[in-house]
Each structure stands twice: as C-alpha cells, then as structure tokens.
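K.L.:
Positions in the sequence shown are counted from 1; adding 687 to them yields my numbering.
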Amino acid sequence: MRTHVVIIGSGPSGLLLGQLLTRAGIDNIVLDRVSKDYILGRVRAGVLEEGTVGLLREAGAAERMDREGLPHGGFSLAFDGRDHRIDLLGLTGHQVMVYGQTEVTADLMEGREAGGGQTIYEAGNVTPYDFDTASPYVTYDKDGTTHRIDCDFIAGCDGYHGVSRRSVPQQALTTFERVYPFGWLGILADVPPVSHELIYANHPRGFALCSMRSQTRSRYYIQCPVDEKVEDWSDDRFYDELRRRLPAEHAESMVTGPSFEKSIAPLRSFVAEPMRFGSLFLVGDAAHIVPPTGAKGLNLAASDVHYLFEGLREHYAEKSDAGLDAYSDRALKRVWRAVRFSWSMTMMMHRFPDAGAFGQKIQEAELDYLVTSRAASTALAENYIGLPY
Ligand code: APR
Ligand code: PHB
C-alpha cells in the first residue's frame, strides 16, 4: 500500500487531521491498535475553544455539535462558601462550547466513514520506519499478516502511551514533566447539572468540579489521593463528598442519581521537544499532557493539527515546506502557554499536602486578587477561552 500521510491513532488528533487532509485531497490512512468501540468507550473532557469549534466545522464534523453543544459565556470559581463568576464573554468577547470529547470523536469517525477515509482498527504492532529519510513507511499486523504502508509523512497521533514518541532516538528528545500528588475521581450520571455553567471549587477538603455533557447529563469530579480505589467510592459517598466541597446553595439543590461511569485519572504536565523528527510529526497527547484543570488537552491537540495540516497542505499544494519546517516551534509556543495556564490553575485550585500555612495563605490571596481585579480575571479568561493560534 502507499499513501501520502499515515496517521497513527484514531483519537481526536488523528481523526481531525485525517478529515482535514481528506477534504484537501491529501490521501491518508489512519491506524489504531484498538477497536472503534473501545475508543468511543473512553470518557474525556468536554470544553472546546472557538479554534477547536472552527476546525471541526472546517472538517465537516460540527453539525451535531452546533445542534447539541452548549455555548458557555462564563464559569464560576467557588471558595469561601460562595461562587465567583468569571465572565468569559464580557471580559474577552469570546466563549467556549461544552460538548463531550466522546461526541467529537464519534462525529469525526462518522464524517470519515461518510467521506470514504480508510481507518484500520485493531492494527497490531504498528511501527514507523525510516522517518529520517524522505521514504518512510509503517508496518502493522492484521489478520495474521504483516502489512506495509509506504508514505511521505507519518503523523504520530497515538497519545501519551503511543509508539511514535518511543520510536524517536531518545538522545533526540527532551522531555519535561511534573506529576501532581493527587488524582481526579470522576463520575458521569444522567441527572441535571447543578448549575447552568461549570463550577471549579477550592475547598479545605480538596478541589471539586461540576461540569456537564448536556442539560440532562452531569460530569462531576473531586480531587482524591493518587492511591485511591474506585471501588471504595459508592455513589452516595461521592455525592456526599462533592456536596461538602460546594457552596451551600449548590449542595442543597444538587440532584443525585446513579453513576454509569466512575474512574480515577492521575494528573501530570508533560512536554516532549521537539515535535518533529524528519518525516515523523508528534501531535496531541503524543507530545504533551496537561492536567484537566484548564480543559486544554483536546484543544491543544486541535491547534497542533491546525499547524500540521497547514504545513502539509502547503507542501502538496504550493510545493513549500515552510509550514512543516515551522511546525514544532509554532506548536510548542502555544503548547507551553497552555501548559503554564493548566499548571497555574491546578496550583490555584487544589489542596497540596505539603503547602503549609504560608502556601495556603498565598493560594487564598491569589484567589482573592483574581476575583477582585478585572485585569487578573481577564488574564484568566483569555487563557481559558484559548490563546490565539
Ligand atoms: N498503535 C496504534 N494506535 C495507537 C498506539 C499504537 N502503538 N498507541 C496508541 N494508539 C491509539 C490509541 O488507541 C488512541 O485511540 O492512539 C489514539 C490516541 O488517542 P488519544 O490518547 O485520545 O490522543 P489524542 O488523539 O492526541 O487526543 C488528545 O485525548 O487523552 C485525551 O486529554 C486528552 O483531550 C485530549 C485528547
Ligand atoms: C469535563 O466536562 O469533563 C471537564 C470540563 C472542564 C475541565 C475538565 C473536565 O476543566
């Protein structure tokens, strides 16, 4: 087989890139090691920046999002027993779209199938070769046979645990990492959200987040120790702890109900530099991970895809490699700004076991300054709605 671009990974990064390439007439094949259903069974975040929304529309995968997505013009920070609204629309003129990543992925898969894009699921032992040459190729195992795809470029959209970053000579890679001393215990339940907007809570018992997928489906999280076990958390215990971390008005009005998904996610910040190695480009989680506090994971994947797609489009349409040559530096500049924001919001909203009395007072002063200064609130808002591409 031969194609222009082999995309390793059928998550949001790979699917969005695949759709943009297909619509630009650039042939591509997507490979994933798991099944389509397995991918759609993953529960991830649900806040889209306007840039991500625009790319989904450009990819022809936004019809359901535009119908069912929830535009949000603000969110609240809850501490000291009350809410403090951050007026995204008033402060920046922009808003975010609340729409689950699972839905984004399903819409992209549907668009790819409708457009005739080739996706090979349950492809075993996917391996990129000769990406330090102009004739790279990828092999994979399927139905007892090893297949080879010759291509011009390989997009490593295979996430943090993927093969692409691991295939790069380690001396060519520099990584940066911060692991946080807690995780997020999250549930999904078909109950109406406690508020019409998201609530990020900083409480002496720990962080909590009230989010949603629709007007009838809520997504709730509480900070928990990294060694916590999901099986130790009944729904009742979860809701009791969540309500203890929220202002009374929300604790009293919360509608509870059986969860149908419950999981614990660790929190880390991670960046691999550079994001290009000859004909191989790292995209999305393959190159960087952010704590979900700033809702930047999917949105950074989208801006990576934008930079890489523009570079590939230029290569094929204008015979210019300027975009491809600039990909890593352009992507990393926006990645580090979002990594900084996600780190700062995580530091501000969570309780750290080793903060000490001084650290706690600093956190309280930061929150107080943030909600009493238009300049500080605007800085938070412009990062949350997404910095420019
Ligand atoms: N071979 C083939 N496919 C692989 C391999 C491999 N060796 N390793 C991983 N994959 C696939 C996974 O099965 C997954 O479907 O790559 C895909 C990677 O998808 P994601 O992990 O979702 O990464 P990405 O597409 O960059 O999306 C980033 O997902 O994890 C969230 O918070 C993150 O919202 C962000 C988004
Ligand atoms: C979610 O809805 O899952 C969500 C929303 C905002 C975040 C993190 C997760 O910052």
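Using N, Cα and C, we set each Cβ at its ideal position, and we do this for glycine too.
1. Assign H781 to one of three DSSP states: helix, strand, or coil.
2. From the DSSP output, which residues share a beta bridge with R689?
3. Is the beta carbon of S763 sitting closer than 8 Å to the one on P815?
4. Contact check, G811 vs R720 under 8 Å by CB: the rounded distance?
5. Can you check DSSP and say which residues form a bridge with I874?
6. Within a Cβ cutoff of 6 Å, which residues of the same chain sit near P979, ignoring the five residues on either side of it in sequence?
7. Any heavy atom of the ligand APR closer than 7 Å to the CB of Q788?
8. Taking DSSP as the reference, what is the three-state secondary structure of E864?
9. Where in the region 926-983 do unbroken runs of the alpha helix (DSSP H), each at least 4 residues long, occur, reported from the N-terminal end onward?
10. Under 8 Å by Cβ, that's how I've got M796 and K723 pegged, so tell me the actual separation to the nearest angstrom.
11. Since I886 and A765 should fall inside the 8 Å C-beta cutoff, what is the C-beta to C-beta distance between them, to a whole number of angstroms?
12. To the nearest whole angstrom, what separates the beta carbons of A959 and H975, a pair I think is in contact under 8 Å?
13. What's the gap between the Cα of L1074 and the Cα of G1043?
14. Within 7 Å: the Cβ of V692 and any heavy atom of the ligand APR?
15. Considering only the beta carbon of each residue, do V970 and C844 sit closer than 8 Å?
16. Evaluate contact between the region 1037-1056 and the region 881-901, counting only Cβ atoms and requiring at least three cross-stretch pairs below 8 Å.
17. Within 10 angstroms of the Cβ of V855, are there 16 or more other Cβ atoms? Answer buried if so, exposed if not.
18. Can you tell me whether Y786 is buried or exposed? The criterion is at least 16 other CB atoms within 10 Å of its CB, across all chains shown.
19. Suppose contacts are defined by Cβ-Cβ distances below 8 Å. Is T690 in contact with N715 by that definition?
20. Closest by CA to R1027, which one among C911, F863 and Y1014?
21. Leaving out five residues before and five after G802 in sequence, what residues of the same chain have Cβ atoms less than 6 Å from its Cβ?
22. Who are the Cβ neighbours of R744 in its own chain at under 8 Å, not counting the five residues just before and after it?
23. Within a Cβ cutoff of 6 Å, which residues of the same chain sit near A898, ignoring the five residues on either side of it in sequence?
24. Do I695 and V813 have their beta-carbon atoms positioned less than 8 Å apart in this structure?
25. If you run the structure through DSSP and keep just helix, strand and coil, what is S1064?
26. Given a threshold of 16 other Cβ atoms within 10 Å of its Cβ, counted over all protein chains shown, does E948 qualify as buried or as exposed?
P.N.:
Well, looking at it:
1. Reduced to three states, the DSSP call for H781 is coil.
2. According to DSSP, R689 bridges with D837.
3. In this structure, S763 sits away from P815, with a CB-CB distance that is not shorter than 8 Å.
4. Right, their Cβ atoms sit about 7 Å apart.
5. Paired residues: Y907 and K949.
6. A732.
7. In this structure, Q788 has its CB closer than 7 Å to one or more heavy atoms of the ligand APR.
8. DSSP places E864 in strand when its eight states are reduced to three.
9. Complete alpha helix (DSSP H) runs here, min 4: 935-940.
10. Right, their Cβ atoms sit about 6 Å apart.
11. Contact flag correct, Cβ pair sits at about 5 Å.
12. Yes, they are in contact, since the Cβ atoms of A959 and H975 sit about 7 Å apart, within 8 Å.
13. Rounded to the nearest angstrom, the two C-alpha atoms are 33 Å apart.
14. In this structure, V692 has its CB at a distance of at least 7 Å from all heavy atoms of the ligand APR.
15. The answer is yes: Cβ separation under 8 Å.
16. The region 1037-1056 makes contact with the region 881-901; the number of CB pairs closer than 8 Å reaches 3 or more.
17. If you draw a 10 Å sphere on the C-beta of V855, you find 16 or more other C-beta atoms in it, and that means buried.
18. When all chains shown are included, Y786 counts as buried.
19. In contact: T690 and N715 (Cβ atoms closer than 8 Å).
20. When each option's Cα is compared against that of R1027, the closest is F863.
21. Excluding sequence neighbours, G802 sits near T709.
22. Closer than 8 Å at the Cβ level, and outside the excluded window around R744, lie D753.
23. Checking the sequence shown, residue 898 turns out to be Ser, not Ala. Excluding positions up to five away in sequence, the list reads L885 and R906.
24. The answer is yes: Cβ separation under 8 Å.
25. S1064 sits in a helix when the DSSP states are folded into three classes.
26. By the neighbour-count criterion, in which a residue is buried when 16 or more other Cβ atoms sit within 10 angstroms of its Cβ, E948 is exposed.
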